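Straight run, no breaks: the sequence shown in this note's numbering ends on number 128.
In this text, a Cβ means the ideal position worked out from N, Cα and C, and glycines have one as well.
In this text the structure is predicted, and so the values were computed from the model without any measurement.
Here's the structure we're looking at; comments come further down.
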Amino acid sequence: MGTGRGLKEIEKRWGQSGLDDFFDNYPSLKADLKFAARFVNFKNIKRFFNDKAVKYIMEDINICCDIFDLDICSDEEIIQSDIYHMLMDSALGVLFHLEKASAFSRPNEVELLENWLKEMGSIRGSLG
């Protein structure tokens, strides 16, 4: 988060030459963003974050899509059906359940959630 707005700020302060210098020092940025875009889930962004955060996230995504011609922006209604997004949807459901039933949380549910989060990190190639 913040990548799109950060790139806009570089362009505002130092123009295209500043962006070119930045891209020279981070030549894999487009590939990294294209990889990360596979894990964006618009439904869950809107479900999990408040309206102000959603606005910033969407602004960042749109700026990156414009600069790098990423196809993620073509349709926000796309529902990802791969295992990562199924785990994400399920994990959020369990997380919301545990938040409401914290006094009754069951160790098995917490362990299940931890395992799903680890698997999602493994699929992404990072825990961040």
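*From 10, 39, 6, residue whose alpha carbon lies closest to that of residue 122*: That would be 39, whose Cα lies nearest to the Cα of residue 122.
_Cβ-based burial, residue 35 [other Cβ within 10 Å; buried from 16]_ = Residue 35 should be labelled exposed.
*Flag this pair as touching only if the stretch 62 to 72 and the stretch 105 to 112 have three or more C-beta atom pairs under 8 angstroms; answer yes or no.*
No, because fewer than three Cβ pairs between the stretch 62 to 72 and the stretch 105 to 112 fall closer than 8 angstroms, the two stretches do not touch.
*Would you check if the distance between the CB atom of residue 120 and the CB atom of residue 57 is smaller than 8 angstroms?*
Note that the C-beta distance between residue 120 and residue 57 is not below 8 angstroms.
*Answer with buried or exposed for residue 86, where buried requires no fewer than 16 other C-beta atoms within 10 angstroms of its C-beta.*
By the 10 Å Cβ count, residue 86 comes out exposed.
_Buried or exposed, going by whether 16 or more other CB atoms sit within 10 Å of the CB of residue 31?_
Classification of residue 31: exposed, given that the 10 Å Cβ count is below 16.
*Cβ neighbours of residue 97 in the same chain (closer than 8 angstroms, five flanking residues each side left out)*: Answer for residue 97: 109, listed in chain order.
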